[in-house]
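From first to last, the protein sequence lines are chains R and D. In terms of numbering that gives the first Met the number 0, the first sequence is residues 0 to 323. In terms of numbering that gives the first Met the number 0, the second sequence is residues 0 to 323. We put the CB at the ideal spot given by N, CA and C, even for glycine. First comes the structure, then the notes that go with it.
There are 2 protein chains.
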Amino acid sequence: MSTHASDKNLLYKIAKAYYQDELTQHDIARRFGLSRVKVSRLLEQARQEGIVKITVVPPPGTFADLERQLEARFGLLEAVVVSPSRYDRANVVRELGQAAADCLMRCLKGREILTMSWGTTLRATVDALPSRNWPHMTVVQMAGGLGRPEAEVYGSDLTRRAAQALGARSRMIPAPGIVASKLARDALLADTHIAETLAMAARADVALVGLGALTPESVVLQVSSLLTEEQINELKALGMVGDIALRCYDAYGRPIRHEVNERIIAPELEQIKRIPRVIGVAGGTGKYESIRAALRGGLINVLVTDDRTATRLLGEPDDPHTER
Amino acid sequence: MSTHASDKNLLYKIAKAYYQDELTQHDIARRFGLSRVKVSRLLEQARQEGIVKITVVPPPGTFADLERQLEARFGLLEAVVVSPSRYDRANVVRELGQAAADCLMRCLKGREILTMSWGTTLRATVDALPSRNWPHMTVVQMAGGLGRPEAEVYGSDLTRRAAQALGARSRMIPAPGIVASKLARDALLADTHIAETLAMAARADVALVGLGALTPESVVLQVSSLLTEEQINELKALGMVGDIALRCYDAYGRPIRHEVNERIIAPELEQIKRIPRVIGVAGGTGKYESIRAALRGGLINVLVTDDRTATRLLGEPDDPHTER
DNA sequence: GCCCAAAATGAACAAATGTTCACTCTCGAA
DNA sequence: TTCGAGAGTGAACATTTGTTCATTTTGGGC
């Protein structure tokens, strides 16, 4: 329903008064002898008819629209896309870490429970954390450690360093991530401290996780002492494309049923999904399938990645399996 | 204070979410893990920094900006500018009448007291009134009549016709506008009905008035039976440039002190100024000085005129005497 | 490490805006 | 004329947004 000229003129004058002169609808109503409700409706009409145009200017050199598409497509709370200056693994990881740290800091206020796994990307994230003094925050280790206990890269190290940077309390899991048998795990879970720590991780406000993939660097694939070649092949055969905190998932982000699950010290995927904010950080070559799966399965709701991966993720047709 | 790229990116995403996706600030806050207040502030910043641009598109073929300038310059509630198809007096008056009728109808709701003077322009206005059924409205004659009582153009005629068109009650002044002596006027004002009608006019919600000018067609100048040539010259000598409902004013819209005032049956200019909405209708050649004076003196707060006069009114330097 | 000024924060409040719903008005048909 | 459908209206209510102010946090100097 279009209106004739004199009506448009009124719409224009009211819109000018509202958006330009910043009068309130109440004032405009009094001025023109209309009711406030009517002014509200006329403004609505002015927007409808394009008399008022609101544009949001994309800041140059950012990937805001790519991010918005990712958010929309995969139902994310937020997507963060970085454009690495070089695409070698070390640099991608460093820049992802920086972006993830920014993104994390933005949503922390200093009184939350933060849980985190470990991995190269998260290490870069921790390295990029600014220093704070947040005694009311707790950083909780999400999964048991891997590798030899004296190797500081995995296990409690990142949690400790993150807590230190933020001036927060920390809560460690003094146990390996994969143990030799279900029995061994049950024994460890009988330990009050370990059980409570896992419970705490499960009810964290924010989780910060890396997305493992089937690349040669993969942590999971390297612990040959506990996972045999055969078991790894079984997992692959069951469709495994990646893991979050040792919990393996298939191409749709569904947990893989396998005996190995019973030997892992970490929250289950279903528990992780219940955490309000799960920030997944991953990018670079080889992570694509794992990220896609985590997105499809709704395992994470914030994604920090690089522009190439982002573009690739959007390059596919829509997919009915996508959950969120 | 400018911000760096990643901040702008956040501003952009929030602005998009707010203005484009129409999420509430509350939702956006939850989504990005911020407080609502912060989102409000970031949006403010986004507008400041020009990330959000709001434009109001002027509808073609109207004089909205001319109107807005008039409003701003003379502190009007509203200005209405028409562009007559031809500039002969008859046509200008007809189109002014149409516009004035629209403007009047827009601010009437059907329960007000409307008071009106008379004149050719107001006649055109009344002719353009649509038909309504507003039994709770009252149309009050503002000034006594002029000319021979049997001539229907002046006096009560317009008031009656306006009331009829609107289905409203009417209230007439059964008396001439200018009488022979102060004594005669006092006698008339002793009449309860006349006195009450004038009082009612003075507390009207809306007044509709023509602006008289010193043109040959002027009604005031033609009533030679009551105003002598000499008196008219005296008025001119005192600076008279026009009148509203027989009340003469000078170039700054100030009332002119003269004996004639005491013989007029109409509210004083000061009383008219107190009416919340005084719509002045005038345009075409010769009305300029009178309009300018009425605007300067704040005698009217809504002006309906033609584009040439409007342009001319804006063409002058600012003037410290202007009141509103 | 400690301290301070300045900036940032969010809870509580105040204002502005949007929405609903019962009612009124208008217009056209009978 | 009367009648009724449909549009239009604004009071009351609900929601959203803006502002203030006491407090916290931050960054920088020592």
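- With fewer than 16 other Cβ atoms from the protein chains shown falling within 10 Å of its own Cβ, residue 132 of chain R counts as exposed.
- Residue 169 of chain D: member of the beta strand (DSSP E) spanning 168-170, first to last residue.
- Between the alpha carbons of residue 299 of chain R and residue 183 of chain R lies a gap of roughly 30 Å.
- Residues of chain R whose Cβ lies closer than 8 Å to the Cβ of residue 51 of chain D are, in chain order, 53, 54, 55, 56.
- Boundaries for residue 243 of chain R: no alpha helix (DSSP H) harbours it, while the beta strand (DSSP E) harbouring it runs 241-243, taken from the DSSP string.
- Cβ neighbours of residue 239 of chain D within its own chain (closer than 8 Å, five residues either side excluded): 213, 247, 248, 249, 255.
- The Cβ atoms of residue 124 of chain R and residue 142 of chain R lie no closer than 8 Å to each other.
- A Cβ-Cβ separation of about 5 Å places residue 38 of chain R in contact with residue 24 of chain R under the 8 Å criterion.
- Contact of residue 294 of chain R with chain D is not assigned, every C-beta pair being separated by 8 Å or more.
- Not a single CB atom of chain D sits nearer than 8 Å to the CB of residue 73 of chain R.
- Judged by DSSP secondary structure, residue 248 of chain D falls within the beta strand (DSSP E) whose first and last residues are 246-248.
- Residue contact check for residue 19 of chain D against chain R: a CB pair falls below 8 Å.
- Residues are counted here when their Cβ sits less than 7 Å from a Cβ of chain D; for the stretch 241-252 of chain R the count is zero.
- The beta carbon of residue 283 of chain R sits no closer than 8 Å to any beta carbon of chain D.
- Listed along the chain, the chain D residues whose CB falls inside 9 Å of the CB of residue 15 of chain R are 55, 57, 63, 64, 67.
- Note that the C-beta distance between residue 58 of chain D and residue 8 of chain R is below 8 Å.
- Annotated three-state conformation of residue 302 of chain D is strand, per DSSP.
- Between the C-alpha atoms of residue 30 of chain D and residue 187 of chain R there is a straight-line separation of about 37 Å.
- Within the stretch 21-89 of chain D, the complete beta strand (DSSP E) segments at least 3 residues long are 51-55, 77-81, listed from N- to C-terminus.
- Around the beta carbon of residue 229 of chain D, fewer than 16 other beta carbons sit within 10 angstroms, so the residue counts as exposed.
- From the listed residues D/81, D/74, D/89, D/103, the smallest Cα separation to residue 278 of chain D is found for D/103.
- Beta-bridge analysis with DSSP links residue 140 of chain R to R/115.
- Between residue 171 of chain R and residue 158 of chain R, the gap from beta carbon to beta carbon is short of 8 Å.
- Judged by DSSP in its simplified three-state form, residue 96 of chain D adopts helix.
- Judged by their CB atoms, residue 145 of chain R and residue 176 of chain R are nearer to each other than the 8 Å cut-off.
- Per DSSP, residue 295 of chain D is one residue of the alpha helix (DSSP H) stretching across 287-295.
- At least one CB of chain D lies nearer than 8 Å to the CB of residue 11 of chain R.
- Residue state for residue 162 of chain D is assigned as helix, using DSSP reduced to three classes.
- Sequence-ordered contacts of the stretch 195-210 of chain R with chain D are nonexistent [C-beta pairs closer than 7 Å].
- Contact note: residue 77 of chain R reaches chain D through 12, 30, 31, 32, using a C-beta cutoff of 9 Å and chain order.
- In the three-state DSSP reduction, residue 264 of chain R falls in the coil class, being neither helix nor strand.
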